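Residue numbers (the UniProt record's numbering): 1 to 372. Beta carbons: idealized from backbone N, C-alpha and C, even for Gly. This structure is a prediction, so every number in the text was calculated from the model and none was measured.
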C-alpha cells in the first residue's frame, strides 16, 4: 500500500455554527480554530485530535477523550479525562461515533486500495467546550465525525484523492451525525469537509447532497454566546414536531431566505444583517432557551438608532443554547458578546462565555504528521 506513509497525525476540528443566517438545516459556518495543543490556552471551541497507527493490531482502537473548559477569563483550563462521555460510550457502544466511523473509513480505504487494513489505532481527542459539557449547539458530534478526515490522512488521503472524494468524505462524516443525533445534519459536518467560509446545502434527494462553498462579506464578524447549560438536540427537534404556520409567515420566511442568498451573492453585509433571521424555527426554539428573549432585547437595543438598517443580527446556533450575533467588525462583535453576557448574568442569573470569529475557510485541518 504505497500511500501508507504516516504513523501519527495531529488535527483540529473547529466548532460550527449551524442554521447560519436563518438558513435552517441549510448553512453552516466554522468558528475560529480551537487550541493547537493540550496546553494552548487560546482559541475557540472545537476538538484537537491525535491518531496513531498501531501496526498489525487490526480491530484494536484505544480511545482516550479529554475535556477542557473555560475559566472566568475565557482561557482554557488544563485537560482532564472526560469521564461522563467515556462512561456513556461504554454503556452505549452503538453511539460510539469515533470507533464506528474509524471502522467505516478503514473499510472504504481498503476498498479503494484493494488491500485490507491490518492496523489498530490509538486515538486521543481533547474536546474544548466552554462549560465542560456537550449539547451546546456548537456541532460537537460533527467535530468528532472529522475523524474520517484524520484516518484518511493517516493513509495518504486515498478517499480525498479519489474521484468524488469530497462527497465520499461528506457521506462518511454525516453518518456520524446519524449515529450521534438520530438523523443527518449536513450543515454541521459539511464545513469540516468542504473548504469555504460558508457552506450551503441545497435541497436534494437522498443522503449525498450537492454542497456549495460561498464567501461571506469580507467584513462579516460573528460572536457566539454560550450559556452555562446544555440542551439535547432530540428535545429541540421534538418541540418542532407537528407545528404549523400560516401562509403569510411561510411566505415572509421564504422572502428572508432569498434575501440572505442575494446578500451572499452580492457580498452585501447590510442586506445580510437585515434578513438573517428565521421567523419560523427560532421563535419556537427560543422559548426553550433561557436567556434568548433577553439576548434578543439586547440586540434590539444595539440596533435602536436605525432598526431599518441593523448593524447586528441574532440567531440560534444549531439546536442551541448557543446563540450568535453577526456584525461588521471584531470590535462590534466583542461589544455585542459582552452586552449579552452581562444581561444574561444580571437578568437571568445565567453565566455565559463569548467568542469572536471572523473568516475560517479551512475545515478540519491536519496540523502535524509523523512517519516514524
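Terminal residues of the alpha helix (DSSP H) in which residue 254 lies:
247–266
Nearest neighbour of residue 327, chosen from 100, 289, 248 and 219 [CA to CA]:
219
Rounded separation between residue 139 and residue 109 - CA only:
26 Å
Which residue spans inside the region 4–30 form an unbroken beta strand (DSSP E) run of at least 3?
8–14, 16–18 and 27–30
What's the call for residue 210, buried or exposed, on a 16-neighbour Cβ count within 10 Å?
Residue 210 counts as exposed, since fewer than 16 other C-beta atoms from the protein chains shown sit within 10 angstroms of its C-beta.
In terms of alpha-carbon separation, which member of 235, 360 and 369 lies closest to residue 221?
360
Could you name each continuous alpha helix (DSSP H) segment of 4 residues or more that falls completely within the region 175–225, going from the start of the chain to the end?
186–193
Between 10, 6, 9 and 26, which lies nearest to residue 317 when the distance is taken from Cα to Cα?
26
Taking the alpha carbon of residue 338 as the reference point, which residue from 197, 73, 149 and 284 has its own alpha carbon closest?
73
Among residues of its own chain, excluding the 5 on either side of residue 100, which ones have a beta-carbon nearer than 7 Å to its beta-carbon?
Answer for residue 100: 179, listed in chain order.
State the DSSP-derived secondary structure class of residue 33, mapped to helix, strand or coil.
coil
Could you give the uninterrupted runs of the beta strand (DSSP E) lying entirely in the region 100–139, keeping only those of 3 residues or more?
Counting whole runs of 3 or more residues, the region 100–139 contains the beta strand (DSSP E) stretches 120–128.
For the alpha helix (DSSP H) that contains residue 294, what are its first and last residues?
292–302
Helix, strand or coil at residue 374 [DSSP, three-state]
Here the chain covers residues 1 to 372 and nothing more, so residue 374 does not appear.
Residue 80 bridges to which residues according to DSSP?
67
With DSSP run on the structure shown, which of helix, strand or coil describes residue 163?
coil
Please say whether residue 322 and residue 237 have beta carbons closer to each other than 7 Å?
no
Assigned secondary structure, residue 346 (DSSP; H/G/I helix, E/B strand, else coil)
Assigned with DSSP and collapsed to three states, residue 346 falls in helix.
Is the region 23–38 close to the region 85–93, with three or more CB pairs under 8 Å?
no
Nearest to residue 95 by CA position, among 230, 177, 254 and 345, is which residue?
177
Just mark residue 235 as buried or exposed, buried being the case when its beta carbon has 16 or more other beta carbons within 10 Å.
By the neighbour-count rule (16 or more Cβ atoms within 10 Å), residue 235 is not buried but exposed.
Is residue 71 buried or exposed, if buried means 16 or more other CB atoms sit within 10 Å of its CB?
Counting of Cβ neighbours within 10 angstroms places residue 71 among the exposed residues, the total staying below 16.
From which residue to which residue does the alpha helix (DSSP H) around residue 148 run?
147–154
Does DSSP put residue 157 in a helix, a strand or coil?
coil
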